[in-house]
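Novice: The listed protein sequences correspond, in order, to chains A and B.
So the first sequence is residues 530 to 879, counted in our numbering.
So the second sequence is residues 131 to 760, counted in our numbering.
Where is the CB? At the ideal position from N, CA and C, for every residue including glycine.
Just so we're clear, the structure is a prediction, and the values are computed from it rather than from any experiment.
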Amino acid sequence: MNTLYKFTILMILTVSITACNKTDDEQPIQEGPGEGILIFNEGPFMSGTGSVTFHGETSVDNLFETVNGRPLGNIVQSYSQNDTYGFVVVNNADKVEVVNPVTFQSIATISDLSSPRYVEKIADKLWAISEWTTETNGRVTVVEAPDFNVIKTIAVGSGPEHLRVFENHLLVLNSGGYGSSNTVSIISLNTMEVTNTVEVCDNPNSIALHGTHVYIMCGGQKIYNADFTLNEAESTNGSIAELDLTGSQIVWTSDQIQFRPNNLTLTGQQLLFLNGNSIYKFDPVTMTSALLRDGYYYSLSAGSNNILYASDPADFASKGTVYALDASNGNVISEYEAGIIPTQVVEKEK
Amino acid sequence: MRRFMKAFFLFFLIAIFCPAFGQHTDSVFSLPEATIFADRLYANSGFSHTLDTGNQSNTLYKALLFESTANIRRQSISGLSTVSLRGLPAAHTKTLWNGFAVQSPMNGVADLSLLPTQLFASVQLLSEAHSAYFGSGAIGGVIRLKPFSKSTENFAQLAYHTGSWGLHSMQVSAGLAENKNGQWLKVSAIHEQRKGNFSFPDRTQNQSPIRSMENAAAKIQAIMLSGSPLSLLNSPLEMHIWLQQSKRELPASLTEGSSLANQDDNAVRLAMNWRQIKQKSNHEVRLAWFYDDLVYRNPKIQLEAFSNSIKYMAEFSSMFIIYQNWVLKTALLFEHTTAFADDYRSKRNRRKINGFAAIQWQADKTGWQVEAGARLPWIDEKFTAWSPFLAIRHRYSQAHETGLNISGNYRHPTLNDLYWVPNGDPDLKSETSRQISLTHQAAFTEGLSSFKVFPSLYVIHVKNMIQWLNINSTWHPVNHPEVLSRGAELKMSYTQSISHGITMKITTGSAYTRAQLQTHPNENIVGNQLTFTPYQKHTNALMTEKGNYKLSIEHQYTGSRYTTSDQSASMPGFHLINMHLSGKLSFWKAGMSWHFKCNNLLNKYYEWFPYQPMPGRGFEAGIRVNFQST
C-alpha cells in the first residue's frame with residue numbers, strides 16, 4: 530500500500546505539472562487591414578471587453594486586440610477619428626484609447642477619465658471628451674495632441690453625451706445621465722467657457738446638423754406611479770428640437786409615449802432615427818416622421834453613398850449583425866457579422 | 131472487494147491522466163449518506179451529504195470549492211459568490227438555515243462569501259430538486275446550514291487564523307452542556323478581515339505585468355447564540371440568534387477603470403424551535419424573524435443605494451404513525467416579507483402560505499420505502515404552481531441502496547423580478563420544473579478498508595424560466611425560455627487503514643452537466659449550453675492520517691465555461707490544488723490543534739468571471755485551543 534500511496538502522490542504531481550496553459554500564437558497585424566468597415570462593439574454586459582470588428586478584403590474579429598495584444602476594455606461607447614488619430618472611447622474603463630486610424634496600433638491611452646462618452650475635434654490638435662462625473666454634474670475635458678495632456682475641464686450639465694462643433698461653439702447634449710436633464714451646454718471655442726445653457730426637450734441623446742439647422746433628439750422622460758404604472762400626465766414624449774445658440778423650439782413630438790426615440794443620424798441628406806427600435810425618417814420640411822424599416826435595431830451610423838448602417842444586437846449576449854441599408858427605402862444592401870452589442874459603424878478608407 | 135478496489139483505482143488514474151479531470155477534497159466531504167434530519171419532521175427522502183467545513187477560517191464559498199456537484203460563480207475576490215447545482219442558475223439552489231431561506235427575497239440568491247461556516251453545526255448539500263419539502267427555488271438542489279445543538283460537555287474555544295494578503299481571523303466559542311432541566315447554551319463569535327491585495331499578472335496589458343488587486347478588502351463580524359432556556363409542555367424550546375455585519379470593497383475587473391465601490395451587508399436573524407416527541411407522533415413549531423439590509427456605495431458617481439427586507443416566518447409540522455409502517459407528514463408555513471429598495475420606489479410586500487402533506491410507507495424487511503406528497507403554495511392571495519413528488523428507495527442489501535425521485539418543483543419570481551422600476555413585471559409567472567433523478571449508493575467494508583460509490587443521473591426540465599433579457603435597449607424579466615438540464619454525477623471514496631496506524635482516504639467526484647436553452651427569442655442560441663455552466667467539474671482528494679497528524683491534498687478541475695450565449699467566447703477550464711497539514715495535541719482538560727494550508731499550490735491563474743482574477747498561491751496557518759469539562 531505504501532507503493533500505491535507514493536504512486537498516487539506522483540500522479541497528482543504529474544497532473545499539476547502537465548496542466549499548462551495554451552500559448553497564444555496569433556501574430557500581430559503589422560500593417561493596416563485596408564479599406565472596409567469598422568464595427569465597434571460594446572462587449573458583454575457587466576463583464577468582458579468591447580471589441581472592434583473589421584470587414585474588408587479580410588475580416589478580423591477583434592482588430593484592436595489582434596494588433597495591440599491586449600483587450601480594449603469594458604464598454605466601448607463610441608469612436609471618432611481624423612486622418613491622424615482614432616479615439617476609441619471605453620466608457621466603463623474610464624479611458625480613451627488613441628489609435629492610428631489606418632493600422633489601429635495604439636498611440637496613447639487617455640486614462641483617469643470618468644465615464645467618458647464621446648470625443649470631438651474642436652481645433653487643431655485639440656479634442657474634447659464628454660464625461661459623466663456624478664449624478665448631477667458632467668464635464669467636458671479638452672486634451673491636446675500629440676501628448677493628450679488635459680489642458681482644460683469644463684463643467685456642464687448632467688450626463689453629457691454627443692458633442693458637435695457649430696458656429697465656433699461646441700454643443701454639449703446633457704442627457705441626464707443617471708438622472709434627467711433637458712439642456713444643451715454651449716461652449717465658446719474662443720474662451721473655452723460655457724456661454725449659454727439652452728433648454729431643449731427632456732433627455733437629449735443625439736444631434737444632427739442638416740444644412741444650417743441643428744436638430745436635437747430627446748428621448749423624453751418616463752415617470753412611474755408608486756403602483757408601477759406609467760404616470761402619463763407627468764411623463765413626456767420623445768421629441769426633436771431645433772436649436773440655435775440662443776434657444777430652441779420643439780419641431781416634432783412622438784405620439785408613442787412608451788418609446789424613447791434616439792440615434793438621430795444624417796445619412797446623405799436624410800434624417801433618420803430609431804423609435805421603438807424601428808427606423809424612422811424625419812422630414813425637416815413638413816416636420817413629420819414616417820416608418821422606414823420595421824425591426825429591432827440598437828444603433829444607426831451614417832455611411833457614404835446614402836448607406837445607413839443599422840445594428841442588430843441579437844440577445845445582447847451573443848454576436849450581433851450590422852445591416853447596410855439603402856437610406857432612401859430601407860432595403861438591405863448587405864449584412865456583416867459583428868461582435869457583442871454592435872454600437873457604431875465607421876467606414877475605413879485605407 | 132478487490133474488484134471494487136481495482137475499479138476505483140482505474141477510475142482514479144483515468145481522472146488523473148485526463149487533463150480535463152481534476153482531483154480531490156481532503157477528507158473534505160464524508161461520502162454521501164442517506165440522512166433523515168431529526169430537526170425537521172418532514173425532512174427529505176433524498177440523498178445528501180455533509181460537507182467537512184473543517185475547523186479553520188472558512189466561508190461556504192471555500193467549503194463548496196472542492197465539491198464536484200457545486201458550480202461556483204464568484205464575481206471577484208470580495209464580490210458576490212453563488213453556487214449553482216445541476217446546471218441551473220444560482221437562484222435555483224435554495225439555502226436554508228434552520229429550515230428557512232437565507233436567500234435575499236430581492237434577487238433570490240445567497241451570497242456564499244457572507245456565510246461563515248463556523249457559525250453552523252454542519253453544512254449539508256442535497257443535489258436534488260425538493261420544492262415539496264423546501265419550497266420555492268429548490269429546483270437544482272438545497273444547501274442546509276444546520277444550527278448548533280446541545281453538547282454533553284462545557285467548553286470554551288479560542289481560535290486564531292492568519293494568512294496571505296492580510297488575512298486575520300479570530301473566533302471565540304463557548305458552551306454550557308445540557309443540564310438536568312434540559313437547558314444548554316452555545317455562543318460563537320468571529321471577526322475576520324483581509325486586505326485581498328494579492329498580486330496577479332494583468333492579462334489585459336502587454337507582457338502581463340504583475341499588479342496588486344485594489345479595493346478588495348473585506349471584514350466580517352458575526353455572533354451566533356444558540357440555546358434552550360426553558361421548556362414548554364415538557365419539551366425544550368430552542369432559540370438561535372444570528373447577528374452579522376460585513377463591509378467589503380468591490381474591485382474593478384481588469385477591463386474596467388479603478389473602483390471605489392463598496393458594500394455593507396447587515397443581518398439579524400432570530401429563530402425559535404419547539405418540538406414535542408410522542409410515541410406515535412411528533413410535532414414541531416418553528417418561528418423566525420429575519421432582517422437584512424444592504425448599502426452599496428459608488429463614490430465615483432456619488433451613488434448610494436439602500437435596500438432592506440424583513441421576513442416573518444412560522445411553520446407548524448407534524449408527523450403521525452397512522453398504521454403500522456404508514457407515516458403521515460403535514461406542515462403549514464406562513465411567511466410575510468416586506469422589502470424596500472431605492473429602485474422599488476416604495477415598500478413591497480409578499481405573503482405566502484404553504485401547505486404540505488406526504489405519506490410514507492416503509493416495508494419491514496424488504497427494504498422498500500415509498501413516499502408521496504405535495505406542497506401547495508398560496509402567494510399574494512392566489513394559488514401558484516404546486517409541487518408533487520414521488521420518492522422510492524430500495525435497500526436490497528447492506529451494501530446497496532437505490533433511490534428514484536420524481537417531482538414537480540417551482541420558483542416564484544423575486545421581488546426584483548416583480549418590482550424593479552422601471553421594468554419589473556408584476557405579472558410574471560412562477561417557474562415550474564419537472565425532475566426525475568435516479569441515485570444509487572453502495573458501501574463496502576472489508577477488514578480495514580472501505581469503499582463507497584454514489585452515482586446519480588438526472589433530468590430537469592424548467593418551464594417559464596425567468597430571465598432578464600434586453601428588450602428595447604432596457605433589461606426586462608421575461609418568462610420565455612425553457613431549459614433542459616441533464617447530467618451524471620459520481621462520487622467515490624476509498625479508505626484504507628495501513629500498518630503503523632496510518633489511515634489513507636482517497637475520494638473522487640465528477641459531474642457532467644448539459645444545460646441547454648430549449649426556447650429563446652434568439653433562435654441562434656437554442657440548444658446552447660447555459661453561460662457560466664461548465665460541462666464538467668472533477669474533484670479528487672488524498673488524505674493520510676497518522677496519530678494526531680493529517681496531511682491532505684485536494685484538487686479540483688472546473689471545465690471551460692461559455693461567457694456569451696452564442697458560445698463565441700469562453701473562459702478556460704482550470705485546475706486548483708490545495709495542500710493542508712494539521713495536527714493536534716492534548717494536555718490536562720485542554721486540547722490544541724494547528725493547521726497549515728497552501729492554497730493554489732501551483733499558483734495557477736484562474737477566473738470565475740471574465741477579467742476578475744482570483745488569488746494565486748497563498749498560505750494560511752492557525753491554532754485552536756479548546757477547554758472542556760463535563
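#1: What would DSSP say about residue 246 of chain B, mapped onto helix, strand or coil?
#2: Measure from the alpha carbon of residue 725 of chain B to the alpha carbon of each residue in B:327, B:716 and B:711, then state which is nearest.
#3: What residues in its chain sit with their C-beta under 7 Å from that of residue 525 of chain B, if we drop five residues either side in the sequence?
#4: Kindly list, in the order they appear in chain B, the residues whose Cβ is closer than 7 Å to that of residue 599 of chain A.
#5: Suppose you measure from the CA of residue 711 of chain A to the CA of residue 484 of chain B; what does that come to, to the nearest Å?
#6: What runs of the beta strand (DSSP E), each 3 residues or longer, lie entirely inside the segment 779 to 837 of chain A?
#7: Between the segment 859 to 875 of chain A and chain B, which residues of the former have CB atoms less than 7 Å from a CB of the latter, in chain order?
#8: Give the secondary structure of residue 647 of chain A by DSSP, where H, G and I count as helix, E and B as strand, and everything else as coil.
#9: Note down, in chain order, every chain B residue with its Cβ under 7 Å from the Cβ of residue 603 of chain A.
#10: Of the choices B:407, B:437, B:673 and B:463, whose alpha-carbon is the least far from that of residue 451 of chain B?
#11: Would residue 629 of chain A and residue 608 of chain A be called neighbours here (beta carbons separated by less than 9 Å)?
#12: What are the start and end residues of the alpha helix (DSSP H) that includes residue 594 of chain A?
#13: By how many angstroms is the C-alpha of residue 871 of chain A removed from the C-alpha of residue 449 of chain B?
#14: Pop quiz: residue 795 of chain A and residue 809 of chain A are said to be a contact at Cβ under 8 Å. What is the actual Cβ separation, rounded to whole angstroms?
#15: Grouping DSSP H, G and I as helix and E and B as strand, with all else coil, what is residue 710 of chain B?
#16: According to DSSP, is residue 545 of chain B helix, strand or coil?
#17: By the three-class DSSP mapping on this structure, what secondary structure does residue 299 of chain B have?
#18: Less than 6 Å between C-beta atoms, sequence neighbours within five positions excluded: which residues of the same chain meet that for residue 681 of chain A?
#19: Going by C-alpha to C-alpha distance, which of B:205, B:434 and B:486 sits closest to residue 740 of chain B?
#20: With C-beta atoms as the reference, is residue 624 of chain A less than 9 Å away from residue 639 of chain A?
#21: Between the C-alpha atoms of residue 590 of chain B and residue 848 of chain A, what's the straight-line distance to the nearest angstrom?
#22: Count the CB pairs spanning the segment 696 to 711 of chain A and the segment 728 to 743 of chain A that are closer than 8 Å, and state whether there are at least three.
#23: Use the C-beta contact count for residue 260 of chain B: other C-beta atoms within 10 angstroms, 16 or more gives buried, fewer gives exposed.
#24: Which stretch, first to last residue, makes up the alpha helix (DSSP H) that contains residue 261 of chain B?
#25: Looking at the strands, I want to know which residues DSSP matches up with residue 669 of chain B.
#26: Which chain A residues sit within Cβ distance under 7 Å of residue 695 of chain B?
#27: Consider the Cβ of residue 621 of chain A: report whether some Cβ of chain B lies at a distance smaller than 9 Å.
#28: May I ask you to list the residues that DSSP assigns as paired with residue 196 of chain B?
#29: Whole angstroms are fine: how far does the CA of residue 462 of chain B sit from the CA of residue 486 of chain B?
#30: Just the C-alpha distance for residue 476 of chain B and residue 656 of chain A, rounded to the nearest angstrom, thanks.
#31: Spell out the partners DSSP gives residue 423 of chain B in its beta bridges.
#32: Which residue comes first and which comes last in the beta strand (DSSP E) that contains residue 337 of chain B?
#33: Let me know if residue 510 of chain B comes out buried or exposed under the rule of 16 or more other beta-carbons within 10 Å of its beta-carbon.
#34: I think residue 314 of chain B touches residue 277 of chain B, with their Cβ atoms under 8 Å apart; what is that distance to the nearest whole Å?
#35: Between which two residues does the beta strand (DSSP E) carrying residue 227 of chain B extend?
#36: Taking Cβ positions only, does residue 705 of chain A come closer than 9 Å to chain B?
Specialist: Looking at the atomic coordinates:
#1: The three-state secondary structure of residue 246 of chain B, taken from DSSP, is strand.
#2: Answer by Cα proximity: B:711.
#3: Closer than 7 Å at Cβ, skipping near neighbours: 497 and 531.
#4: Residues of chain B passing the Cβ test: 334, 335 and 336.
#5: Distance between the alpha carbons of residue 711 of chain A and residue 484 of chain B is about 50 Å.
#6: Taken in chain order, the whole beta strand (DSSP E) runs of length 3 or more contained in the segment 779 to 837 of chain A are 791 to 796, 799 to 804, 807 to 812, 817 to 822 and 828 to 831.
#7: Taking 7 Å as the Cβ-Cβ cut-off against chain B, the residues of the segment 859 to 875 of chain A that qualify are 869.
#8: Three-state DSSP puts residue 647 of chain A in a strand.
#9: Chain B residues near residue 603 of chain A: 383, 385 and 386.
#10: Among B:407, B:437, B:673 and B:463, the Cα nearest to that of residue 451 of chain B is on B:407.
#11: Here residue 629 of chain A is not near residue 608 of chain A, since their CB atoms are 9 Å or more apart.
#12: That run of the alpha helix (DSSP H) goes 592 to 597.
#13: Distance from the CA of residue 449 of chain B to the CA of residue 871 of chain A, rounded to the nearest whole angstrom, comes to 60 Å.
#14: Cβ-Cβ separation between residue 795 of chain A and residue 809 of chain A: approximately 14 Å, too far for a contact (criterion under 8 Å).
#15: Correct three-state label for residue 710 of chain B: strand.
#16: Judged by DSSP in its simplified three-state form, residue 545 of chain B adopts helix.
#17: In the structure shown, residue 299 of chain B sits in a strand (DSSP, three-state: E or B).
#18: Only 671 and 721 meet the Cβ criterion.
#19: Minimum Cα-Cα distance from residue 740 of chain B among the listed residues B:205, B:434 and B:486 corresponds to B:205.
#20: Cβ atoms of residue 624 of chain A and residue 639 of chain A: closer than 9 Å.
#21: Their backbone Cα atoms lie some 28 Å apart in a straight line.
#22: By the Cβ test, the segment 696 to 711 of chain A is in contact with the segment 728 to 743 of chain A, since at least three Cβ pairs between them sit closer than 8 Å.
#23: Burial call: buried.
#24: Going by DSSP, residue 261 of chain B is part of the alpha helix (DSSP H) stretching over 261 to 264.
#25: Looking at the DSSP assignment, residue 669 of chain B forms a beta bridge with B:686.
#26: Close to residue 695 of chain B, with beta-carbon spacing below 7 Å, are these residues of chain A in chain order: 844, 846 and 847.
#27: Residue 621 of chain A has a beta carbon lying within less than 9 Å of a beta carbon in chain B.
#28: DSSP output for residue 196 of chain B lists no bridge partner at all.
#29: Going from the Cα of residue 486 of chain B to the Cα of residue 462 of chain B covers about 6 Å.
#30: So the alpha carbons of these two residues sit roughly 44 Å apart.
#31: Looking at the DSSP assignment, residue 423 of chain B forms a beta bridge with B:396 and B:438.
#32: Boundaries for residue 337 of chain B: no beta strand (DSSP E) harbours it, and the DSSP string shows neither H nor E there.
#33: With fewer than 16 other Cβ atoms from the protein chains shown falling within 10 Å of its own Cβ, residue 510 of chain B counts as exposed.
#34: About 13 Å separates the two Cβ atoms, so there is no contact after all.
#35: Per DSSP, residue 227 of chain B belongs to the beta strand (DSSP E) from 223 to 227.
#36: Interface criterion not met: the Cβ of residue 705 of chain A is under 9 Å from no Cβ in chain B.
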